[in-house]
Each structure stands twice: as structure tokens, then as C-alpha cells.
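Please read the structure below before turning to the comments.
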Amino acid sequence: MLLFDQYDEESSSSFTRQYGQPSIRPKIIGVYEDEEGKPPIFKRHKINFAPEDVITHLAVSNNQMILAMRNKKLLRIDLMNPDQPIEIELAQFLGDKSQMAKLHQVYLSPSGKHSLLSFAADLKNLVPFDNLYLSKKIHQASKLKGYLITAIGWNFAHEKDSTTSNILIGTSKGLVFETELAPDETKWLMNTSLERYFNQVFDAGTESGPITGIQFHRISGSDSTCLILITTANRLYQFIGKTGSNSDGPNLVNIFSTSAGQCRDMPGNLGFSKLDFYFNSALTPETFGWLTEPGITYGKISYEPPMSLNTVFKDSFVLPYADDNHHPNDSVSANKEKPLGIILTKFHILVLFKNLLRVICVLSQEIVLEDKFTEACGSVIGIAKDLVRGTIWVHFELAVYRYKITEEDRFIWKIYLAKKDFKNAKIFANKDPIKMDEVICEEAQYFLDRKDYNKSAELYAQSGKSFDEVALKFMQLKDQEALKKFLKCKLNVLPSSNQSQIDLITVWLIELIMSQIGELKISKYSKSLEENIDENSEEILTKLAFEFKELLSITKIKDCITKKKNIIYEIILSQGDEACLLLFASSVQDYKFAISYFIEKGDYNQCLKILAEQKSVDLIYRYGPLLMRHVPAELVKILKSRCLSLDSVKLLPTLIQNSDQKGFKAQQCQEIISYLEHCVTMGITEQVIHNYLIALYAELDPNKLLSYLESKNYANRIDYDLKYALRICSEKDLKNASVILYTTMGAYEEAVDMALLVDMDLAKKTADIPQMDDDLRRQLWLKIARHVVEEKGDIQQVSHLLADCNLLKIEDILPFFPDFVTISHFKDAICSSLKGYCQNIEALKDEMKETTESSDQIKKEIQKLRNRFIVVRTDDKCSICGHSILSQSFHAFPCRHYFHKVCLNVEIKSYLSPSLKERLIKVSKGEKLTSQLLDKTLTDKEIKSIKDNDDLDEIMQSQCLYCGDLMIESINEPLISPDENNMASIGW
């Protein structure tokens, strides 16, 4: 537990008790009002600590506290472990004249590891006595002998446990030294001096008095550029420059020697000054405060390049710390007292007086809080800040208090709001919706007062202010654009669950837009009558139409415009804007209303426009019949673009509509035919389309019907009803088309009969269609011949038929002639027929002669094979085993190779294919069985095995093992078979 958390129970509320005496509640001024349920921003807590003597000095940093008392005892306290403080007797380090020594000041480094204690023989006249250095133990600073330390500039960047690194020390004589302190436990153990070096770098002059404050920091992003601030009682010095190249020694002197330096004088007789900084989390100073008699010089420190000599001074201002509104009832006036010290926080400056602590806001430059003290704890000594932890400490003679800061930026939004700095006000009000809403409302009113209605409308829409109240504000402006802007912005921020307000705003916006459109049209019409054309009117109308379209595209109003469509229709129709009507109908997908409206007006082109833009085919089925009567050509264009998605059955009512006007009816039918032809081209196979096209062709254009039927036959694809088509053609007496249909149906005889009624050439062409069936073709040609003979009696034409068809002979058609007819016309045909018979007889004779000669040749060859033999000598040997060939049954080949049957049976196996090898094994087994059963009655299986002997001989006698195909084919086989290779591998 931290030491500052060990305060009395009685002090748990702000300033409630101090040693039994009631404290005066802090006086809150301006916007810093107490908020219910929240603690004060600055709350003082008393530490549960009773010093054995009067406290004279206190320093704290990084949770390390040094507390000095009048009896020359020093307490070193680790606030993370406060129960084990280290007590140091300072007198033993001050020599024989320690009773003369007065502790002037305690300086503690940022890490809390290093501290310097300066002693004076005479505090009033600043007569130096001695200086002690405290780290792990106390050392005397020998080179600092004779100087009274009044300020130290610590090295934030390079401080270590073993060394302070290079630091700046200010003295009571206005001198500034650069040194480095290292205790004798470090690597400089043999050096008898604590200071590695001790060099003067700056002299403010004896007339300037003591150095009261020093601070130096390296500029972010640079390893060598530093900013140094030094103060005296009435002067502030600033130095910016680059450090020297000596990284292990003094290098700050280079800044003083190369930088011209800037200073600011501040008049007054305060006799001292205080310099303090606000550090961010990276321990980089962001702002500075310099306490002098006229006030506190406050400014921001900018590190952005390029660095200039005016970095500190250019944005600084003097902030008075005295209360101008002095209260006569106050027992002690702070205006007449000197401040004891200051502490900077992010937004405030705490000024310590003898009887109170005053808090000043740097943004408003006003006193926001005063905390008055009692005499119970003795006099106020000073104020200190832990710049690492951010805690603030005030020590009295007999007590120590800690100020706890809670939500320091709690009221900053109000200050920015009062300054009309809405951007920063929103940043600090962002965590509280109520505060944020107040900022937004104030900003909205600010822009409204300055007639920036669009910006005001956007902000009011984001606020929680009553919709009715804001709407009334904009309605009173008589500016419809401002009202529309507010309604649109409000619509955008409304949640989808707030449907009732969405409905209200949506209908209201549509009414406003339609009203503007109506007024513009009236104005435009009036000006056109006066021949005073307003060029802006069209542009504004286009803009309003686009605005209406954008409104309808908002997702969250889809339910509203669907539910309220009848009301919206009335609003749009009241202004007669057909473009908006179409747009709205499209948005709610209520095309029936729009089409019905335009049909009622007789504006069929608008109906077609709707059908073309939307994707629903139901509207085509519903309104197609009516539109086909009035605008067939335009409707057919739409039908062609949708033909693949249309249902032909549902579309029939549209296609069969006919106009009462004769001329228009023909045009209508032509357009329908055009659509049907497009469907055929697009590959639609629905039968109803093709049947209707045939019916229209039959009635209006028979030639196209013939082309259509022929193309379908050629493609061998029938998409129509053959019987229906035949019936239509029969009704219209379209014989040519009927011939094609009969042919397609395979009714060739009926086709020929119908063709004979049209044209002899057509009949001949039809008879030749079944090319693969000569008998059918012959019958069809006989039918034609009979028709020629019986119906026409044209003998000459019959002779032409015989020439056209090679399947007909004169004898085939003679029965059709009457009993008495002159045959002179058939003389040539009869002679040709007889000549053909003679040629056939001669061909048969030649064929019989060739057959007889072939038979005799085969007989001679057989006789030669029976007489063929091979002579085997007694000394001939088997080509496999080398023994006499006559010792057992053998095979002899014309190539003079001889093989014992047994040897050949074994040797030939390695050259046979798997199937022949298997067959050879089976035949061999059958041969053995035969030799064992010569005297026994054999079964069917045994008889079959004996028959297999012939197969064995056939395999072995088919060719010589060494000269035949088997040996030639073996060249592709490996020398070592896979089985032998596997056996060899196993052996290894």
C-alpha cells in the first residue's frame, strides 16, 4: 500500500477533518460545480504520519520521497513500501560546525535514485556551507564547496543508477555549472572526487541574483539538439543548440557557446521565481509556468522542426494568480501575500499561498477552486510534484497532504464550449452523452444564428433535442431547403426501430419535394407565356428529381413507402409529375398502378417504358393483349428482348389479339409473325409457338410456310404438331406444304398421291426421297407410272419414266397398259431390256468358269502336300538335348532342325504367351492321362483330354522354335525374367 493511501478514516471525504478541527470546504468558482455522485477534481487527503520534529523540506519523484526535519534528520521513504523508511542523521556528515548548517534545499532526480542537499550558513543572505550527495549513501561534493546550489537541471534521457550523467547546477551567485556525479561504487572508484568534471557554462551576472530554475531536454527525433531554460528572479533564458561530440564527458557547454540565447525580463520585487513544467507520459515537458510578481508566464513548448529561438516565448502569456474579486469577509487576503510555489498539471496551475491553495484553469485563465488551510498543522512549507507518477504533495510543519486529481478534464468541455471551440469541446465531452448532446445543440444554434442552415441541420439531427422543437425552428425560417436538410439528416440518424418517426419524416420530405416541383412547373409555365425563359428552372427540376430518387433509395424507408404508397401516390398525382410517379412505382415495385394510370390516359408509350425497365413478366401477360392492339411494333420489340423468359402458353392471349381495323390488323399479324420467327431463331422449341407460326404462315404467307417446313426437315428437327399442321394445310388447300408434311410423317405413298395432284416433277422428287429402301422407291415410281398410264394415257411420258428411274423395267409397267396398245413407243425400252438380260447371262457364265478353275487348282495343291517328305539320317541329333533324334518321338522341320517332342515341350514354354503357355500345360496333362488309360473304359472328360493331343501337336508343329516367329519376337524380352530376378534378390 502506498503511503499516501494511509490516511485517516475521518479524511475519506474531502477536507472533512484536520486534527479534530473542521476544515473549510474548498470554494468552487465558475463552471467547476460539484457533480452528484462524483468526487471533487482536486481532493486533499491527510497522510497518517506524525513527524518527530518540524518538517522543513520534502521532495518526491518516482514514488521515492525524501523528507527533512529541523533536527537534521532525513527520512528516505519508498512509497511502495512505506513501513520501512530509512533514517539518516545529517549532522555526522556536516563536520564540527554542523550546528551552524541550515538545510537550504533538497533536489531529487526524476528516477528518485540521486539527490543533492544544499546547506547554507545563513539562509537569508544565502551564505554557502556545504553540499551533500545522496545515492546509496551520502558523499560530500568537494568541487561544489563554496557554492550554494539553488537549482538543478537533471538529465532525463541518460540518468542511470550509477551516475547522474551530465547535469546543470545553478548557484546563488548566478552561475551555471555542468557536472556529472557518480558515487565511488562506480567505475571511477580510484577517483577521490565525486564529480567527474565541473565546468562553468553560463553566468547570469551577480545583479541577476540566484538561479531559481533549470530544465533541459533533448528535442524529439534528434540526438544532439537540446532546449535549455534557466530562470532567475526576474529573467527567463532560453537556449537551443547542438551538444558537443563528447558522449562521455561535458557536452552542454557547446549549446551556450554556439546559441545566442533569448531572454525575457519580468519586473517585480518578489525576490524569487519558480519554474515548473507539465510532463507527458514520455516525461517530455509540454507546457511551462514561470512564477514572478506580475503573474505566471505560461506557454506551450513546441518541438516541431524547424526549431526557432522563439519556441517558448511566441505563444506564452502572463496569467495573474491574485484574486481580483477580494471578499472583505475573508480573514486573510491572498492578494497581499506572496505565493510560495506553483505546480503545473495538464489544464491547471496550482498556486500555493500561506493560507490556501488556489487552482487556476489555464484555458479560461480563471480561478476555479480555492482550498483554505487551518493553523492546526502549523505553517505551510511548500508544494512538490512527483513528475513520474503525477501526484501532488503539500507539506506543513506538522503534516503532509496529498492531492488526488480525479478526472481533471471533467469540465474542460464547458470551457471550450464557452469559447465556441466546439471541436475541442466534443473531444472532452465524448465520454458523456449528455455533455456531448449539449455541445452539439450549442454548436447547432451557433450555426443557425449565422444562417449556416445546412451545418446547423446536420448537428441538430445528431442531437437529442426534441424533433418538434427543432422542426419548428426551421419552419419559421421559411427556407424549405434548410427544413429538408434537417429532415434528411434526422432520417439518416434514426434507428430502424423508430418506424413511426421514419414514416412521418419520409412523407413530409416527399411532400416538400413535390411541392417544390409543382411550384417550379407553374413558374416555368408562367414565364413561358411571357416569353421569359428561365434557364435555371430545368436545372433545378433535374436536381429535385435526383433528390427524390436518392430519397427513395434509402433502405430504411422501404417499409414506409410500401405501407404509405396510397398517400404518396396522392401527393405525386396532385403535382402531376409523371417521371416521379414512374420512379416511385418502380421503387415500390407497384407497376400495375403506373401502367393503369397511363392506359387510362392513353399514353401507351409510357406503359411500354415501364415494361421495358422492369423485369416482371406478369405485367406483360396482363397488359400485353391491350398494348398489342395499339402499339404492336413497340410491344414486339420488348417481347423479343424477353423471349427466353416468357411462357408461351401465358403469352398466347397477347399474340392472338386482332385489331378491328383491317389495315392495322395486317400490321399486327406481321409483328406477331416477326416475334414468332425471332423465337424460332433463338432456338425456342415450345410447340405452341411453332404451331401458331404455321397457322399464320398458312393464312398470310404460304411461301414462308414452305421454307419453314423445308428448313425443319433439313435440320431433322420437328418442333410443331404434324397432325395439326397437316390439318391446317388441308383446310387452306396447301398441297405443296401437305406433300412436305406427309413426307416428314413417312407417309410416302400419300405424299406421292398429293404431289401428283400438283406437279409430276414434285411427285418424282418425292418418290426418290427414301434412298435406303429400293423396294419402297420402286413402288412409288410404279404409282407414278400407273398414274401416267391410267390418268393421262401418255405413252411417251411413260418411256421418260423408265429413263428417270433405273428401278423400273418395261415388264413392270406393261400390266398397266390396256390389252390393245401399239408397242412402237416401247421398242427402244424392250430392246434395252433384252440386251440387259443377255449381259447378265454372259456374266453368270464367266463367274461359273472362274469357280471351276479355282476348284481344280485347290485339288492339285492338296495332292502335292500329301507327297511331301523329309529324310532323317541315323546320326541326326535333337537340336535341344543333342541326343540321337531317333531315340524317341520327335518333330522335324524343313529348316533341318529336329526336336524331341519332350524337349520341345519344355523349351517352348519360355517363348509362349501366357495364354498359349496355359493351354500347353492343360494339353500336356491330357496326354499323360491318355497313356495311363489305354485299356480302361474312358469317361467324357478323359476322351476330351485325348482329343487335346491334337492341340499339343498343333502348338509344337506350327513353326520351328529357332527359325519361327517365337524366336524373333523374343528379342524384346529381357535376358533375365522378372521371376528369376526376384529369386536372385531373395538369395542375396
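Residue numbers for the sequence shown follow our numbering, so the first one is 104 and each next one is one higher. C-beta atoms are modelled at their ideal positions from N, C-alpha and C, and glycine is treated no differently.
- Counting the other Cβ atoms within 10 Å of the Cβ of P185 gives 16 or more, which makes it buried.
- Boundaries of the alpha helix (DSSP H) around E546: P536 to D552.
- Pairing A547 with L562 gives a Cβ-Cβ distance under 8 angstroms.
- Listed as beta-bridge partners of D750 by DSSP are no residues whatsoever.
- In the DSSP assignment, L235 forms a beta bridge with L220 and Q243.
- Comparing alpha-carbon positions, the option among G198, K176, L373 and S810 lying closest to V209 turns out to be K176.
- In the structure shown, the three-state DSSP call for M183 is coil.
- When DSSP states are grouped into helix, strand and coil, N349 belongs to the coil group.
- Membership of T361 in the alpha helix (DSSP H) is indicated by the continuous run V356 to T361.
- Excluding sequence positions up to five before and after L799, its CB lies within less than 8 angstroms of the CB of C772, I775, I776 and L779, all in the same chain and listed in chain order.
- Beta-bridge partners of H320 (DSSP): L330.
- If you compare the alpha carbons of Q874, D877, D878 and A858 with that of H890, the shortest gap goes to A858.
- Per DSSP, the unbroken alpha helix (DSSP H) holding G727 starts and ends at D721 to H733.
- If you ignore the 5 residues before and after D824, its C-beta comes within less than 7 angstroms of the C-beta of Q790 and N794, all in its own chain and listed in chain order.
- Excluding sequence positions up to five before and after D606, its CB lies within less than 7 angstroms of the CB of C663 and K667, all in the same chain and listed in chain order.
- For F996, the secondary structure class from DSSP, reduced to helix, strand or coil, is coil.
- Contact annotation: I333 and S362 have beta-carbon atoms that are not nearer than 8 angstroms.
- Annotation: the continuous alpha helix (DSSP H) that includes W884 extends over D877 to H890.
- Measuring C-alpha to C-alpha distances from L297 to each of S311, L247, H261 and S275 identifies L247 as the nearest.
- Cβ neighbours of H1000 within its own chain (closer than 8 angstroms, five residues either side excluded): S982, C1063, L1064, Y1065 and C1066.
- S640 is not a Cβ neighbour of L615, given a cutoff of 8 angstroms.
- Within the same chain, T253, A254, G273, T274, G277, V279, A307, I333 and T335 come within 7 angstroms of I314 by CB-CB distance, once the 5 residues on both sides are set aside.
- DSSP lists S221 as the beta-bridge partner residues of Q208.
- Cα atoms of I484 and E500: separation of roughly 6 angstroms, rounded to the nearest angstrom.
- Just measuring C-alpha positions, the residue of N708, N166 and F416 sitting nearest W496 is N166.
- For G485, the secondary structure class from DSSP, reduced to helix, strand or coil, is strand.
- Residues of the same chain with a CB within less than 6 angstroms of the CB of L220, apart from the 5 flanking positions on each side, are V209 and L235 in chain order.
- Under the Cβ criterion (8 angstroms, minimum of three pairs), the region 512 to 521 does not count as touching the region 154 to 172.
- Per DSSP, Q709 is one residue of the alpha helix (DSSP H) stretching across Y707 to E716.
- With a beta-carbon spacing of about 4 angstroms, E396 and L373 fall inside the 8 angstroms limit used to define contacts.
- Here the alpha carbon of L178 sits roughly 17 angstroms from the alpha carbon of H242.
- DSSP lists M172 as the beta-bridge partner residues of I158.
- The beta carbon of G398 is closer than 7 angstroms to those of V421, L422, P423 and Y424 in its chain, skipping five residues each way along the sequence.
- Its chain contains Y724 as the residues whose beta carbon lies nearer than 7 angstroms to that of K753, once the 5 sequence neighbours on both sides are disregarded; these appear in chain order.
- Apart from the 5 residues on each side of it in sequence, N816 sits with its Cβ closer than 8 angstroms to the Cβ of I843, T846 and T847 in its chain, given in chain order.
- Excluding sequence positions up to five before and after D418, its CB lies within less than 6 angstroms of the CB of G402 and K403, all in the same chain and listed in chain order.
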